[in-house]
Every structure is written in structure tokens, then in C-alpha cells.
Amino acid sequence: NADTALYRAKAQGRNNFQFYAAEMNAHAGERIALTGKLRRALKNDEFVLQFQPQVDIGSMQVVGAEALIRWHHPQMGLVPPAKFIPLAEETGIIVPIGEWVLRAACLQARAWLERGLPPVRMSVNLSACQFRKEGLAGLVARTVEACGLDPAFLELELTESMLMDDPNSAIATMRELKAVGVRLSLDDFGTGYSSLNRLKGFPIDALKIDRSFVRDITTDRTDAAITAAVVSLAHSLGLTVVAEGVEDAGQLECLRQHGCDEMQGYFFSRPLSAEPFAALLRTGAVCA
Ligand code: C2E
Ligand code: MG
Ligand code: MG
Ligand code: MG
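Each number in full-length UniProt numbering corresponds to the 1-based position in the sequence shown with 839 added.
Right, dumping it as C-alpha cells:
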């Protein structure tokens, strides 16, 4: 009857609530534990960088390296950034992690140059937290200076969402970074909400077409048309176009036909540790 039904609903609601609260606690507990582990990881030097080559499509020469963080956890092994970057951003611990990445990437770039390897750009991903924080340009200037790296070799990768929240203050920060002498690129282009039309207001040097467009470029006419439009607009704005996630020769051929400048992806090489990357620079061949 109605009373029983009401009782059931209440009981269920209560159980659901208790269950939910327990889940939340477990979740919060895990998050706190992981945040503590990230702090210790920083102290214990458990982060490492891998480098994925960026290749000029015309000459097939390596022209850049994207630094990609991994967490070398003593028990968990090599943890990919998707497993810890989002929480690191929420808790703000991405700021000291990001400073570590910037410094480690600059030191590596300098070390390769000193060994007489062919000079390549070093790209570093910035998080929204880092980008919003006061004093970023000063930090970047001090870091390249301390590492003895010409800032022209450093590229910072930003994402559309970082620019769209508050475009005017983003432009101000980007101008400060440009004044330091670094390059700026727009990562994962096409996944955010910025229109092609907004691009002209941003002082960027390169645009990275997200791999979701590259994936089906040989079979999906829409993706191919979008890529063609992005390349031609980017070129008219004087930007270099890099395609992300190139996994086969067909995609490369298609991108070449559309006039894309550079590519990055498993077809050429997965991200490599510093030594295999240096060997690649030396010989021009992939040895992973
Ligand atoms: P991203 O900046 O777009 O980096 C490209 C990601 O695509 C990398 O994943 C790379 O390994 C992967 N990738 C490259 N080529 C291919 C391909 O051909 N096929 C497929 N399926 N994937 C490919 P990774 O290293 O796991 O990094 C994921 C994301 O984590 C990065 O995306 C970036 O947003 C973030 N990230 C990585 N390192 C850092 C860092 O030092 N700081 C910050 N803030 N974020 C980072
Ligand atoms: Mg990137
Ligand atoms: Mg990307
Ligand atoms: Mg990404």
C-alpha cells in the first residue's frame, strides 16, 4: 500500500544517501592520498619527461620535440599524464610540477645543443593554472636564462579554453611571453569553442590540429574539409600548422596535399626518452 511504498522510498533514499556519502568519502580520500603522492613525487624526483618528435612534412626532418610528462611511480610504474594532470590542476599542485617540467625541458634542450646535435625547438605544455598565475612571463624568462637556452628554442603550448575564458587578459599574458622571445602554439585546435575568426587576435606562431580531425582524414570528407580550411586560414595569418596524432602513411599523404607544415604522431615516432631522442636527432632514423 501507499504507506509501505513511502517507507520503501524513504529507506531507499536514505540508503542511497549513505551509499553516496561513502562513495564521496572514498573518492575524497583517494584524491587527498593522490595529492600527497604527487607532492612526494616532486620531492623524490619521480617525474620524467619523454619527447615526441615534430617532423617537417616537406623535408621529413625532425624540427621539434614536445616534452610530455610521465610519473615514474615506484609501485605503479610509468603513470600517464591523464591519470594525474587533471587532479594536479584542481589542487594547484600543477604549478610546481609545471615549473619542474619547464626547467627540465629547457635543460634538456640546452644539453642536446651542447652535444652538437641538430637544433630543434622544445615545446612545453602549459596548464590553465600556470597560464592564469601572475608572473608567468618572468618565470619563463628566468628559467631560460638560468638554463642558458636561447628563448627562440622554446615553444609554449596553450589550449583554446585558456584563451577563451578571458581573452583580453590572455592576450596580455601572451604578449608578455612573446616579449621574452618564446614561441606560442595553440594545442588541440578544433576541440574548443574558439572560431577561426578569433585566431587573428592572438599573438601565436603555430596551430596544432587536434588528432580527432586527423584520425579519419582519409575517409571523412568533413574532417578533410575542416583540415583544409584550417590550414589555409592559418597560413594566411602566417601560422605554422602542425597535425597531431598522425598514425599512418595515408594520413600523412592527405596532410601533405592539404599543405600542412609539420606532423607529430606514432607513424613517425612515439614519445621517446632523452637518449633515444638524441640518437634519432643524430641519425635521423627512428630507433625506439
Ligand atoms: P597533448 O599536449 O595534446 O599531447 C599529445 C598526446 O597525444 C600525448 O599523450 C601523445 O603521446 C599522444 N600522441 C601522440 N601521437 C599520437 C598518435 O599518433 N596517436 C595517439 N593515439 N596518440 C598520440 P600523453 O603524453 O599521454 O599526454 C596527454 C596530455 O597530457 C597532453 O596532450 C597534454 O594535454 C597533457 N600533458 C602532457 N605533459 C604535460 C605537461 O608537462 N604539463 C601539462 N600541463 N600537461 C601535460
Ligand atoms: Mg601538447
Ligand atoms: Mg594536443
Ligand atoms: Mg591534449
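C-beta: ideal position from N, C-alpha, C; glycine also.
Residue i Cβ short of 6 Å to ligand 2 heavy atom set
| i | result |
| --- | --- |
| Glu928 | no |
| Asp1026 | yes |
| Glu869 | no |
| Glu994 | no |
Contact test: residue i Cβ vs ligand 1 heavy atom, cutoff 6 Å
| i | result |
| --- | --- |
| Leu1035 | no |
| Ile908 | yes |
| Ser966 | yes |
| Glu1086 | yes |
| Pro892 | no |
| Val902 | no |
| Gly1031 | no |
| Pro990 | no |
Opposing strand residues paired with residue i [DSSP bridges]
| i | result |
| --- | --- |
| Gly1084 | Gly1084 pairs with nothing; no bridge assigned. |
| Asp1026 | Thr998 |
| Pro892 | Ala904 |
| Glu1101 | Asp895, Val1081 |
| Phe1106 | Note: Phe1106 sits in no beta bridge, so no partner. |
| Leu1046 | Leu1025, Val1080 |
| residue 1128 | The requested residue 1128 is not part of the displayed model; the chain covers only 840 to 1127. |
| Leu993 | Met961 |
| Leu1111 | Phe890 |
Own chain partners of residue i with C-beta closer than 8 Å, once the 5 adjacent residues on each side are dropped
| i | result |
| --- | --- |
| Val979 | Leu941, Pro990, Leu993, Leu995, Leu1016, Val1019, Val1021 |
| Val902 | Gln893, Val894, Asp895, Val959, Arg960, Glu1101 |
| residue 1133 | The question about residue 1133 has no answer, for the chain in this structure spans 840 to 1127. |
| Leu1091 | Ile896, Val1085, Met1102, Phe1106 |
| Gly1040 | Pro1006, Ile1010 |
Spatial neighbours of residue i in its chain, beta-carbon cut-off 6 Å, leaving aside the 5 residues before and after
| i | result |
| --- | --- |
| Ala1067 | His1097 |
Heavy atom of ligand 3 within 6 Å of residue i beta-carbon
| i | result |
| --- | --- |
| Glu1083 | yes |
Contact set for residue i: own chain, Cβ-Cβ below 7 Å, skip 5 residues either direction
| i | result |
| --- | --- |
| Leu988 | Cys945, Ala948, Arg949 |
| Ile908 | Phe886, Leu888, Pro920, Val940 |
| Ser1112 | Gln889 |
| Pro957 | Leu1120 |
| Pro1110 | Gln889, Phe890, Gln891, Leu907 |
Legend entry - Runs of alpha helix (DSSP H) lying entirely within the region 912–963, each at least 4 residues, in chain order: 924–930, 933–953
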